[in-house]
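**Q**
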Amino acid sequence: MASTFTVFTLTPVAAAEDGAVPLSNDAKTKSIQQEAYNVVNLYEQALNEGNTKKIVSLFADDSVAEWNNKRTYGTTEQRLEGYDALFKIAKFKTVFSYDTINIYGGAAVIRTHHHKGATVMENGQPFTDLNREVFVLNKTSQGWKIVLYTFNTDPVQGEGSF
Numbered sequence: 453m454a455s456t457f458t459v460f461t462l463t464p465v466a467a468a469e470d471g472a473v474p475l476s477n478d479a480k481t482k483s484i485q486q487e488a489y490n491v492v493n494l495y496e497q498a499l500n501e502g503n504t505k506k507i508v509s510l511f512a513d514d515s516v517a518e519w520n521n522k523r524t525y526g527t528t529e530q531r532l533e534g535y536d537a538l539f540k541i542a543k544f545k546t547v548f549s550y551d552t553i554n555i556y557g558g559a560a561v562i563r564t565h566h567h568k569g570a571t572v573m574e575n576g577q578p579f580t581d582l583n584r585e586v587f588v589l590n591k592t593s594q595g596w597k598i599v600l601y602t603f604n605t606d607p608v609q610g611e612g613s614f
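Per this note's numbering: the sequence shown = residues 453 to 614.
1) Counting only the same chain and skipping the five closest in sequence on each side, list residues whose C-beta sits under 7 Å from that of T524.
2) Buried or exposed, going by whether 16 or more other CB atoms sit within 10 Å of the CB of E585?
3) Ends of the alpha helix (DSSP H) at L499?
4) Taking the beta strand (DSSP E) that L600 belongs to, which residues open and close that run?
5) Would you kindly work out how many angstroms separate the C-alpha atoms of Q486 and K506, rounded to a whole number?
6) Could you tell me the distance, in whole angstroms, from the CA atom of N554 to the CA atom of F579?
7) Could you tell me if I484 is buried or exposed, where buried requires 16 or more neighbouring beta carbons within 10 angstroms of its beta carbon?
8) Y489 and A473 - do their beta-carbons sit closer together than 7 Å?
9) In whole angstroms, what is the alpha-carbon distance linking T546 and H566?
Shown next as structure tokens:
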């Protein structure tokens, strides 16, 4: 079965050092970007709360989460178990900096990083967590849902921002 899709490209907008979200100047595009941003912002809040159920509710049923040095979480059960295990050993104070929010029809690609690193308590010890994240979202009948979340750890942050 052949599928067709339309790709909409956006003029990249620079993310400001002050934490501004890189949104388009076009009102329609900006509105769509804001909807997708809201999902990632809810993810950030739930991460800082240690709220597994809230995080997992942001994912589509057929989504994938791929973490640094972990197996792929391809089912809801795996995501529940993965986040529950994470929150048993780690507490987050993360603030995402947004590198890009690109909309491609019914899909969004959002790249973030921890602007100055996140303070994480892991096994009772604080450390700075320097991650780069990619969120891919699809527009569904229930709104925007995460279909792919992946991150890697890198001390160099914000490269490739427009």
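In this text, a Cβ means the ideal position worked out from N, Cα and C, and glycines have one as well.
**A** On the basis of the supplied data:
1) Taking the sequence shown and counting its residues from 1, the one referred to as residue 524 is at position 72. Contacts found: V516 and E518.
2) What you label residue 585 is simply residue 133 of the sequence shown in a count that begins at 1. Under this definition E585 is a buried residue.
3) Position 47 of the sequence shown, counted from the start, is the residue given in the question as residue 499. Segment A479 to E501, the alpha helix (DSSP H) holding L499.
4) Indexing the sequence shown from 1 puts residue 600 at position 148. In the DSSP annotation of this structure, the continuous segment of the beta strand (DSSP E) that includes L600 starts and ends at G595 to T605.
5) Indexing the sequence shown from 1 puts residue 486 at position 34. Indexing the sequence shown from 1 puts residue 506 at position 54. As the crow flies, the alpha-carbon of Q486 is around 19 Å from that of K506.
6) To locate residue 554, count along the sequence shown from 1; it is residue 102. To locate residue 579, count along the sequence shown from 1; it is residue 127. Their Cα atoms are separated by approximately 31 Å.
7) For the purposes of this step, residue 484 is taken as residue 32 along the sequence shown, with counting starting at 1. With 16 or more Cβ atoms within 10 Å of its Cβ, I484 is classed as buried.
8) As a first step, residue 473 is located in the sequence shown; it is residue number 21 there, counting from the start. As a first step, residue 489 is located in the sequence shown; it is residue number 37 there, counting from the start. The identity of residue 473 in the sequence shown is Val, whereas the question assumes Ala. A contact, by the Cβ cut-off of 7 Å.
9) Indexing the sequence shown from 1 puts residue 546 at position 94. Indexing the sequence shown from 1 puts residue 566 at position 114. Counting only the Cα atoms, H566 lies some 7 Å from T546.
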